[in-house]
Every structure is written in C-alpha cells, then in structure tokens.
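Residue numbers (this note's numbering), protein chains in the order written: chain G, 26 to 190; chain L, 670 to 1064. Before any comments, here is the structure.
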Amino acid sequence: MLDQKAYEILQIIEANGRLESSKIAKMVDLTSEEVDQYVKELEDKNVILSYSAVVDWTKLPAKETVTATIDVKVAPKRGVGFDEVAERIYRFPEVKALYLMSGAYDLSVVIEGKTMQETARFVSERLSTIDSVLSTTTHFQLKTYKHDGVIFKEPESDKRIVVSP
Amino acid sequence: MEKVAMTSYSRLSDRVSEIKPSGIRRFFDLASQMENVISLGVGEPDFVTPWNIREESIFSLERGYTAYSANAGLIELREAISHYMETRFAVSYNPDTEILVTVGASEAIDLGMRAILNEGDEVIIVEPTFVSYAPLVTMAGGVPVPVGTSAETNFEVRPADIEAAVTDKTKAIMICYPNNPTGSSISKKCLEDIAAIVRKHNLFVFSDEIYAELAYDKEHVCFATLPGMKEQTIVINGFSKAFAMTGWRVGFALAPPDLLGAMLKIHQYSLMCAPTMAQYGALEALQHGMDDVERMKLSYQQRRNFFVKTAKEIGLPCHHPDGALYAFPSIAHTGFTSEEFAEALLKEERVAVVPGSVFGEGGEGHIRCSYATSLTHLEEALERIGRFLRRLELR
C-alpha cells in the first residue's frame, strides 16, 4: 500500500505529526478511516518510527543542554564491519544520532548532555575506551540555526497585501 | 491674450476615463483598515520565492550585472524558456524571434492587445476572469465583449456562446486556464472547439497560461499545440505563480514572429527590458526550480481539497476547481449580492474574500477565496464563514 497517498500522508505527518486524521483525510482526498489505516500500516512496517517535536530549548532558561558531534575513527572488525561497534555506541541513551560516514573519519556521533563536563566525561570514559575506537574529535554545538528542516527563529509575517488581483 | 475655453477638452483621455476602478481596490481599502483580518483575498502564492532563486539574483547584483538586457530579454533566459516550453508543454518557440520577456504577464497582455487591435476591434473575453483583461482591451482602443460562464458547466466556456458573440469586428478571443477566479480549466475537447471557431473566423487567441503549472487533476494542454493554432496565438506565461515570484515582475509572451515583432516594438519604446536582476532569478528558476514547483503545487492541491470539502460541510456550495489558487464558492442561496456578502463577512467576521462580481459576467453570486494561506488560517477562516452563514439563516 506504499502508493502516492502514502507518500503524501507521510510528508504531511513529517511536517506536523499532530495534525488530526480528519484534516489529513480532507487534504489527500480520503476518509479519516482510510488515513488511519495508512498510518497504522506505516507504523507496523516501521516506516513511521516515532513522532516528535522540534523544540527550541533555549527559550526555557531552566532546561539547558549541551550537544556535541564527535568524529570517531574506528578499526572495523572482520565479519561485522562497523556494525558491532556502532551498536555498542548507539545503545547509550546520551547518543541522539549515529551515522557511518565516508571521508576522514568513520562514525559521526551526536550526543546530548546536561553540562559540558558530563559530555566530556562520556567521551573520555565511555567512547574512547571502546576497544576498536582509535580516536575522537569533539565539536560542541554553539547555536542552532536550523534543525530537522526547521529554522530556529520567529516565523516571518505574511508580507502580502490583504487583497490583490 | 486669447482665452482658452476650459470646458472644451477633458484633462484625461476618454479611454482612461471610461475605465472603472477595480472592485478589488475597494476591498483592499476596506480590509486594510481592519485588524485581525484573515485574508482569503490574495491572488498570489503564500510561499516566499525559493532561496536559490533569490540567491542567484543577489549574486547577479554582486557580479555587477546591472545594465539593460536585450529588449527581448536575456538570450540565456529566452533559450531556457524555449527549452521549458518544449519539455513541459511540447511546443517549440524560437528564442530569437518568438519569445519576449516582459515585465510580468500583464505587460505581455497589454503589448499583445496594442499590437493587434485597431479602434473598435472586438475582443471576446471569457468571464468571470482576471480583472485586467477588459481594461487592457479598452486602453488599446478595442471593445471587450464578455462571454459568461457558470457553475453549471464548472465555469468551462460553451464554444457555442463564443461563436454567438463573433461579429465582423471580432479580432481575438481571450482565455485563461486554469482560471482566476474560478480555478476551472478548459478540456482539450473544448479547446479544440474554440480552435475551430478561430480557424473559421480567422481570429487570434490570447491564451493566458500563467497557472499552467498549478493544474492539479488534468495535464495542461497549451493552446498553441492545437493544429494551426501556433500562428494564431499569443501564449502568455510568467514566473509569478509557479515559482512564487509575483513581486519580481517577470513574464513572457510567445507568439509568431510578426506578432512578436510588433509587441517588441512597443515594449522597447515603453519599457526597454524587464529588470536584469529579476531575469537572472527567473533563469535560475527554470534551470533548478522545478522541484520547488512540484512541492508548492502539492501543498496547494492539498489545501484546495481541504478548502472545498470543509466549505461544503459548512453549507458553502463549491464547485471543483481544477487548478490555480482559488475556489469560487456560491453564495447565491444567502440572497446577498456578492459585494454585500463580502462586505458583511469582512465587517462581522473579519474574513476578506473578493466578490465574484468584480471578475465579470457569471461572477455574481460567488466569492473568490484563495486557499494559498496556512492550514491554520484556512480552518479559522472557514469556521468564521460557517458561523456567519448560520447567523444569516437565523435572520
């Protein structure tokens, strides 16, 4: 059932995961029940993995976090390549994202901690000590301009005139 | 000294004096004085021009491309237009002799009218339609002859009605599809019937295809692709709607060399050329902008679906618009004229729509609603319209 309607529904949900089925149904010309069926199937097939919100935490002074991207060089292991070490890394709850990269290093690890110290400790005590990890380079994020396709600033006002031909 | 009789002449030309100010202007004035208005009155995309297009235009300024372009437009842009028409609409135009880059599609229409009309020539205008056509005919010395359409035929013109309006003074037929304000397109069969009339009476056609990229349900057929029609047609198109570039004012006209040559003469004396930096933006649009067009089109289509379905639910009968950015629901059952309805809706519920009557014959009894606004605004606007309609029933 992964047809054009599924693509459309996914695009809408990706942009706004909270939109009610009834509204999506009108937009893609289906019934609410049909949309629910699509969504259930997409969830069952693990096409939709989870629903989340893009949050600008800096607007809440109490909740500050530190995000770092760590370039990791590893020695791949025979038979399992990078997958085994990747699995050891992504199981840590601090790890928010993990990618196998081409180029100067092998894994790109995005981690989030409460403080810079906590993040540094994770790198030195957890990540660097894994056997096949050869080196790490840690980059702290200073400011988020855009994340997951969302620009972090106040929405622009509609500059069009109220009525036009 | 001899005294000049002040009453013997008018300060303004008769042609301009006889043109009525646009009905849209009045609604703009009304709506812009109010706060918290949700506007369904805008005739343009709600997307900002895609960044790569804006960036290319900025880059052209940085490189110092600030001089005039050729009168007909940058040759690279004309070549890109030629390629675009060939690949998108299967019709070929020579960039040297058959393509003119204009200051918006409106200028292209103006040039076309001035190039072919003699005093008293008639132009059949299929209405309801864009507010500028009739005044442009008048200003070129011609006489606009409206032919109405109605919701019963989904606002598609009946070729017999065009035929009935043809006189020995008829010079051209003006069509626009998908249409502003109804969103209706014209089927291939109907276009062929119009072409037959054109052949029979040796007429010209102005085919305004500015919304061609925003045709949702059917493939758009360019009028010039019909047998024998390329020689008789001025195709009008531009970047405003498809690429969300309304403020850039870049359009283009496609016509056989004799017509295009005449249009170019007027263009070179009145405007010289379209703004060069805007033309560089337009070039980038054609070269790398089609994915953005698809993305924006899908979004309009989804909002069209949402608007039409919800409108019906709240008791606002609405035909099925094939494209463009508008729905043209009927308000006839309320007993109000479209002007009264639009004005009361604006004052009582702060929703701006455009009364159908301003778009000419067949527009009365309808309102133009642009769904090129956020889903949140659409929902809220429809809720307010629903409340307004329920209140009318109680009166």
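Every residue, glycine too, gets a C-beta built ideally from N, C-alpha and C.
Per DSSP, the bridge partner or partners of residue i
i: T771/L; result: G920/L
i: E791/L; result: V812/L, T839/L
i: I155/G; result: The partner list for I155/G (beta bridge, DSSP) is empty, contrary to what the question assumes.
i: Y995/L; result: S1039/L
i: H172/G; result: V175/G
i: F875/L; result: M843/L, I903/L
i: P1024/L; result: I1036/L
i: F697/L; result: In DSSP, F697/L forms no bridge with anything.
i: L780/L; result: Note: L780/L sits in no beta bridge, so no partner.
i: Y124/G; result: S133/G
i: G138/G; result: V91/G
i: H164/G; result: T94/G
i: G817/L; result: E796/L
i: V188/G; result: G710/L
Residues near residue i in its chain [Cβ-Cβ closer than 6 angstroms; skip 5 each side]
i: R757/L; result: none
i: S57/G; result: S46, S47, A50
i: V826/L; result: V795, T818
i: H1046/L; result: I707
i: T163/G; result: A93, I95, V148
i: M1076/L; result: Missing from the structure shown is residue 1076/L; chain L here goes from 670 to 1064 and no further.
i: S939/L; result: none
Other residues of its chain near residue i: CB distance less than 7 angstroms, five sequence neighbours each side excluded
i: H957/L; result: N721
i: A749/L; result: L952, L955, Q956
i: G742/L; result: L769, V770, C942, A943, Q948
i: V1022/L; result: L709, G710, A1011, L1014, I1036, R1037, C1038
i: T836/L; result: E791
i: D991/L; result: P847, G852, S853, S854, A884, Y885, D886, K887
For residue i, the nearest candidate out of the options (CA to CA)
i: S761/L; options: N974/L, T979/L, M898/L, D779/L; result: M898/L
i: K178/G; options: T83/G, S77/G, K184/G; result: T83/G
i: V1020/L; options: E1030/L, R1056/L, P986/L, I688/L; result: R1056/L
i: L167/G; options: E112/G, M141/G, L159/G; result: M141/G
i: N849/L; options: L1058/L, S856/L, E1062/L, A881/L; result: A881/L
i: E788/L; options: E776/L, E767/L, P813/L; result: P813/L
i: P719/L; options: D927/L, G692/L, A913/L, W917/L; result: A913/L
i: F117/G; options: L125/G, V135/G, G104/G; result: V135/G
i: D131/G; options: L44/G, F107/G, L35/G; result: F107/G
i: P815/L; options: E821/L, K838/L, M843/L; result: M843/L
i: S182/G; options: A911/L, P797/L, V717/L; result: V717/L
i: G907/L; options: D991/L, I727/L, E776/L; result: E776/L
i: G174/G; options: V91/G, R113/G, E39/G, D28/G; result: E39/G
i: V172/G; options: L67/G, M126/G, S77/G; result: A small correction: the amino acid at residue 172/G is His; Val does not occupy that position in the sequence shown. Cα-wise, what sits closest to H172/G is S77/G.
i: P797/L; options: P998/L, T1003/L, I1054/L; result: P998/L
i: Q29/G; options: Y63/G, N41/G, V120/G; result: Y63/G
i: D54/G; options: Q970/L, T902/L, R1064/L; result: Q970/L
i: V187/G; options: E963/L, M703/L, E687/L, Y734/L; result: M703/L
i: E832/L; options: S853/L, G811/L, T851/L, V867/L; result: V867/L
i: A841/L; options: R1060/L, S876/L, L730/L; result: S876/L
i: L159/G; options: K184/G, R185/G, A129/G, E143/G; result: A129/G
i: K98/G; options: I73/G, L152/G, S189/G; result: L152/G
i: G1034/L; options: T766/L, S686/L, T1003/L; result: T1003/L
i: R113/G; options: V72/G, Y170/G, I155/G; result: I155/G
i: L699/L; options: E1048/L, F873/L, E1008/L, V904/L; result: E1008/L
Cβ shell of residue i (< 8 angstroms), same chain only, five flanking positions each side left out
i: K102/G; result: E109, V110, S157
i: S1043/L; result: D715
i: T915/L; result: E713, P714, S909
i: D862/L; result: P828
i: P180/G; result: none
i: A803/L; result: I794, P813, P815, G1029
i: T90/G; result: W82, E137, G138, K139
i: A736/L; result: T945
i: Y734/L; result: T945, M946, Y949
Cβ of residue i within 8 angstroms of any chain B Cβ
i: K858/L; result: No chain B appears in the structure shown, which is made up of the protein chains G and L.
*Below 8 angstroms between beta carbons is the criterion; list the residues of the stretch 699-731 of chain L that meet it against any residue of chain G, in chain order.*
A700, S701, V706, S708, G710, V711, G712, E713, D715, V717
_Going residue by residue through the stretch 901-957 of chain L, where are the continuous beta strand (DSSP E) segments of at least 3 residues, counting only ones entirely within it?_
902-907, 920-923
_So if I threshold CB-CB distances at 8 angstroms, which residues from the stretch 678-702 of chain L count as touching chain G?_
S691, I693, F696, F697, A700, S701
*Pull out every residue of the stretch 48-67 of chain G whose Cβ sits closer than 8 angstroms to any Cβ of chain L, in chain order.*
K48, K51, M52, V53, D54
_What are the residues in the stretch 946-974 of chain L lying within 8 angstroms of chain G by C-beta distance?_
L967, Q971, R972, N974
*Interface residues of the stretch 173-190 of chain G facing chain L [CB-CB below 9 angstroms]*: E181, D183, K184, R185, I186, V187, V188, S189, P190
*Write down every uninterrupted run of the alpha helix (DSSP H) in the stretch 707-755 of chain L whose length is 4 residues or greater and which is fully enclosed by it, in chain order.*
720-731
_Which complete beta strand (DSSP E) runs does the stretch 64-111 of chain G hold, if anything under 3 residues is left out?_
91-99
*Using a Cβ-Cβ cut-off of less than 9 angstroms, list which residues of the stretch 779-803 of chain L approach chain G; keep chain order.*
F799, V800, S801
*If contact means a Cβ-Cβ distance below 7 angstroms, which residues of the stretch 978-1011 of chain L contact chain G?*
K978, T979
*Taking any Cβ of chain G, which residues in the stretch 1016-1046 of chain L have a Cβ under 8 angstroms from it, in chain order?*
A1021, V1023, T1042, L1044
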